[in-house]
Structures are given as structure tokens and as C-alpha cells.
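Notes follow once the structure below has been shown.
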Amino acid sequence: METIQFSQLSAAFEGCFGAPPRLFRSPGRINLIGEHTDYNEGYVLPAAIGRYVYVAMAPRDDGLIRLRSMDFPEAYEGHVDNLAVCDISWANYVLGILHGMQARGLSCRGFDAFFAADLPVGAGLSSSAALCCAAAFGLNALFDWPLHRLEMAELAQGAEHRYAGVLCGIMDPFASLFGREGHFIRLDCRSRAHTYIPFLTEHYQLTLLNTNVKHHLASSAYNQRRQECAQGLAWIQAHMPAASSLREVTMEMIDRYVAVRDETTARRCRYVVAENQRLLQLCEDLQRGDLAAAGAKMYETHAGLSQQYEVSCPEADFLVSHAQTAPAVLGARMMGGGFGGCILALVAREKAAAWEQDLGNRYEDAFGKTLSTLSVHPADGTSEMLI
Ligand code: GLA
Numbered sequence: 011m012e013t014i015q016f017s018q019l020s021a022a023f024e025g026c027f028g029a030p031p032r033l034f035r036s037p038g039r040i041n042l043i044g045e046h047t048d049y050n051e052g053y054v055l056p057a058a059i060g061r062y063v064y065v066a067m068a069p070r071d072d073g074l075i076r077l078r079s080m081d082f083p084e085a086y087e088g089h090v091d092n093l094a095v096c097d098i099s100w101a102n103y104v105l106g107i108l109h110g111m112q113a114r115g116l117s118c119r120g121f122d123a124f125f126a127a128d129l130p131v132g133a134g135l136s137s138s139a140a141l142c143c144a145a146a147f148g149l150n151a152l153f154d155w156p157l158h159r160l161e162m163a164e165l166a167q168g169a170e171h172r173y174a175g176v177l178c179g180i181m182d183p184f185a186s187l188f189g190r191e192g193h194f195i196r197l198d199c200r201s202r203a204h205t206y207i208p209f210l211t212e213h214y215q216l217t218l219l220n221t222n223v224k225h226h227l228a229s230s231a232y233n234q235r236r237q238e239c240a241q242g243l244a245w246i247q248a249h250m251p252a253a254s255s256l257r258e259v260t261m262e263m264i265d266r267y268v269a270v271r272d273e274t275t276a277r278r279c280r281y282v283v284a285e286n287q288r289l290l291q292l293c294e295d296l297q298r299g300d301l302a303a304a305g306a307k308m309y310e311t312h313a314g315l316s317q318q319y320e321v322s323c324p325e326a327d328f329l330v331s332h333a334q335t336a337p338a339v340l341g342a343r344m345m346g347g348g349f350g351g352c353i354l355a356l357v358a359r360e361k362a363a364a365w366e367q368d369l370g371n372r373y374e375d376a377f378g379k380t381l382s383t384l385s386v387h388p389a390d391g392t393s394e395m396l397i
């Protein structure tokens, strides 16, 4: 996928709206491990990547909102006084951001906006969060509002909840807004405290393997998993009222209060508890520079997501099990909400190209689908592009 030229986006904006815009961009994200832990008040370990949603924007004197995208044919036209959900899904995220801003007492005039992206959509790289964050950051700058990045992340999360019906956690917009070049972000999703962990990899690289399976099931199954975790917690709380989230829960509590009622719910909870512990240990691996130990935990996470949380798919399982037999690969796992999207792999730099080629051939033979690959590196978060 081509990276976007700012001059191209700026020219498209001017051609369409007849005024010079300001340009903003917000990145997609990867997550080393810590999957489905954010909405359980646990830990996550994401990083922004150098693939973005871009937006060119300019304010208007009236209340009109006009939205266009280089990637979708539909155009949106509306008014700041009517932010009802519309039938253009990408435009809904922008309306959701505006709704959240108005709910915080920030009123705005109209504006024109033109979006573009070099981030694959529906691949588990958080293109929707990147779009929300680009819009929130741009509007905040355009109207000189005082929002800081955490508030923007919360607005983005709220937009996904209200305007897309996905009850996601805070990880994706947080990573997009708070990314730092060369670092993973260890985020405590309860306190929102975060630390940056350097990712030093002279000999290894992070590779994304896109299954090119679109996660259709994702939003309904995602909300269902969230509900299962809430149910498991509620059964525990009936006996241990002090447990305010799965983060305080032990395997013993799950066996005692959840497994006796429903084994599937118990499996979901066990996965979450183990994943939080694994993440904290992996952070220590990274501090010690022990990438082999970190990679082994990526495989453990994948096994948990596939067998206990049941959000993987045959294509993802195929890729991870092949990675496990390749000496060049230290770790691999499916990433994001699940049911498709990307695998993240930690691969020896010198051997990566040959391995990807071989795996791509096997994947095509097995599924008749193309495997797209992309090498990624932790990048800085949302910013204004000065041209
Ligand atoms: C999606 C959600 C995130 C997170 C992940 C799973 O990307 O948007 O909040 O829950 O799934 O870890």
C-alpha cells in the first residue's frame, strides 16, 4: 500500500472545498501482548506504527459539516446541530467524536474534512481508532480547544461505543495518541498510568502477516466476550465483593465460583488472568533484552486466544503453528479483536524475507488467499503535519 503524499491530500482538499487545509495524522497500532485485557482493567503493551489515517481540515463560518474520503466513494454532508448516526460507517466515527465534544460543553462551528489512509482497514490495526484520533486531534487544534491526549482517547472510545456499537477498551486510541518512536507503551488500563519500554532489536524485526480475513463476526463476538467476562466477575463478586475487576481475581476464585456455573465463562476468565500475568513478565523479559522469552509468551498468548478465549480463526492458527516450527521466528500471535486480521511475528531480520515468501506460498496453497506482509517499528503518535 502506498504511503500518502501530503501534497496530494492537500490538493484534493483544495480541489473539493476551495480553501487551504491543516493536515493531521494518527497512526495504527500493534500490541505485543495483552489482548482483551483493556476492558477488564488490565494491562496492555501496544505501540503506534508508521501507517496512518490522515485528515485535511479547515473550519467554516457556518454550521455545515462536509466529509470526504479518498478511500470511500460516499460523501457526508450534515450540520453540527444534528449528529444522528448515519449510514456511512466511516463518517459516523467523526460524528461520534463531535457528539462527545459537545457533551463536554465544547461547541464548534462547521468544518470541511478530507480523509485518507495507508493503514489497511479491518486488519486488526485499529484503523477506526486512528480515524477517531485524527478527527479529535484536528478539531481540537482547529477550534483551539484545551483537550489533552487522554481526553481525546476517551472521546474516541466513546465514539466507537455510541456510533459503531463496539464496546471496545481504551488501548487502541491510547496507542495511537501516545505512541513513541522505538518504544512499546505499558499501559495500566485502570489507572491509565503508562511507561515507555524501549524496543531494541538489532537482529530481530516485527512483521505483520495479514490473513486478509475480514473480521465480520468481530463486533458481535467482541461484545459477547466482554459480557462473558462481566458475568464471570459478577459470580465472583457475589462471594468476594472487593474484587472490582478480573485483575484482582485468582485462578482459584475462577475454579470456585465460575467453573461450577459455566465452564466456557471460566475459560474466558482464566485467559484474562493469565494474560495479565504474562504481560508483566514479558515487560521484564524486554528490560533484560531476552527476546526469546518474550517471543515464547507471544505463542502462549496465541494459544490462550485460540483455545480459551476462542477468538482466532483457522487461517491465523495455521500461520502461528507454522511460525512455531521456523527457527527464524521467536514468537507469533494473532492480534487485535480477533476472527481474522493480522498476525504479529518477531523474526530474525536476515531471514525474514525468505520466511515470509515460503509462508506466503504455503498459505496460498492451503487457503487460496494471499498473505500480505509488512515490517513495522514503533512510531510516534498523533500529530499535525507541517508543510
Ligand atoms: C479491539 C479493541 C480493543 C481491545 C482489542 C483486544 O482492538 O478495540 O479495545 O479490546 O480489540 O485486545
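Following the working numbering, the residues of the sequence shown are numbered contiguously, the last one being 397. Ideal Cβ positions, reconstructed from N, Cα and C, are used throughout, including at glycine.
Following the continuous beta strand (DSSP E) through residue i, name the residue where it begins and the one where it ends.
i      : result
His89  : 86 to 89
Cys352 : 352 to 358
Asp198 : 193 to 198
Thr383 : 382 to 386
Which class does residue i belong to by DSSP, given the choice of helix, strand or coil?
i      : result
Gly60  : strand
Pro37  : strand
Thr205 : strand
Ser255 : coil
Ser229 : helix
Asn150 : helix
Leu219 : strand
Met11  : Per-residue confidence for Met11 stands at a pLDDT of 38, beneath the threshold of 50, marking its modelled position as unreliable; the derived number appears in the next sentence. Residue state, collapsed to three classes: coil.
Arg288 : helix
Arg271 : coil
Leu74  : strand
Arg159 : helix
Met261 : helix
Met181 : helix
Gly378 : coil
Leu165 : helix
Phe124 : strand
Tyr214 : strand
Arg343 : strand
Arg119 : coil
Glu45  : coil
Pro69  : strand
Cys32  : Just to set this straight, residue 32 is Arg in the shown sequence, not Cys. Arg32 falls in the strand class under three-state DSSP.
Ala389 : strand
Val321 : coil
Glu394 : strand
Ser79  : strand
Val54  : strand
In chain order, what residues of the same chain have a beta carbon less than 6 Å from the beta carbon of residue i, not counting five sequence neighbours either side?
i      : result
His124 : His is not the amino acid found at residue 124; the sequence shown has Phe there. Closer than 6 Å at the Cβ level, and outside the excluded window around Phe124, lie Ala22, Phe23, Ala66, Arg78.
Met80  : Ala126
Ala139 : Ala166, Asp182, Pro183, Ser186
Within 10 angstroms of its Cβ, does residue i collect 16 or more other Cβ (buried), or is it exposed?
i      : result
Val63  : buried
Ala304 : buried
His273 : Sequence check: residue 273 is Glu here, not His. That one is exposed.
Asn92  : exposed
Asp182 : buried
Ala169 : buried
Pro30  : exposed
Glu87  : exposed
Ile397 : exposed
Met11  : The predicted position of Met11 is uncertain, since its pLDDT is 38 and thus under 50; a value taken from the coordinates is nonetheless stated next. Looking at its Cβ environment, which holds fewer than 16 other Cβ atoms inside 10 Å, Met11 is exposed.
Pro56  : buried
Arg202 : exposed
Ser17  : exposed
Asn102 : buried
Asn371 : exposed
Thr311 : buried
Thr260 : exposed
Asp72  : exposed
Considering only residues of the same chain and omitting the five flanking positions on each side of residue i, which have a CB-CB separation below 8 Å?
i      : result
Ala334 : One detail in the question is off: residue 334 reads as Gln in this sequence, not Ala. Taken in chain order, the residues that qualify are Tyr309, Ala342.
What does a CB cutoff of less than 7 Å around residue i pick up in its chain, not counting 5 residues either side in sequence?
i      : result
Ala389 : Pro37, Ala58, Ile59, Gly60, Gly189, Glu191
Gln247 : Ala253
Ala240 : none
Ser382 : Asn220, Asn222
Leu129 : Gly38, Arg61, Tyr62, Val63, Leu135, Ser137, Ala140
Over the uninterrupted alpha helix (DSSP H) stretch that includes residue i, give me the two end residues.
i      : result
Met111 : 99 to 113
Met308 : 301 to 313
Glu24  : 16 to 27
Ala333 : 324 to 334
Check: Within the chosen definition, does the stretch 364 to 383 reach the stretch 196 to 214 through at least 3 CB pairs nearer than 8 Å?
Finding: With the cut-off at 8 Å, the stretch 364 to 383 and the stretch 196 to 214 do not touch.
Notebook entry, point to check: Between the stretch 111 to 120 and the stretch 36 to 48, are three or more C-beta pairs nearer than 8 Å?
Noted result: Not touching, per the Cβ criterion.
Checklist line | Nearest-residue set for the ligand NAP, Cβ under 5 Å from any heavy atom | finding: Inclusion of the ligand NAP in the displayed structure is not the case, the ligand content consisting of the ligand GLA alone.
Next item on the list: State whether the stretch 254 to 271 contacts the stretch 153 to 171, with contact taken as three or more CB pairs (one from each stretch) at a distance under 8 Å.
Entry: Verdict: no, contact absent.
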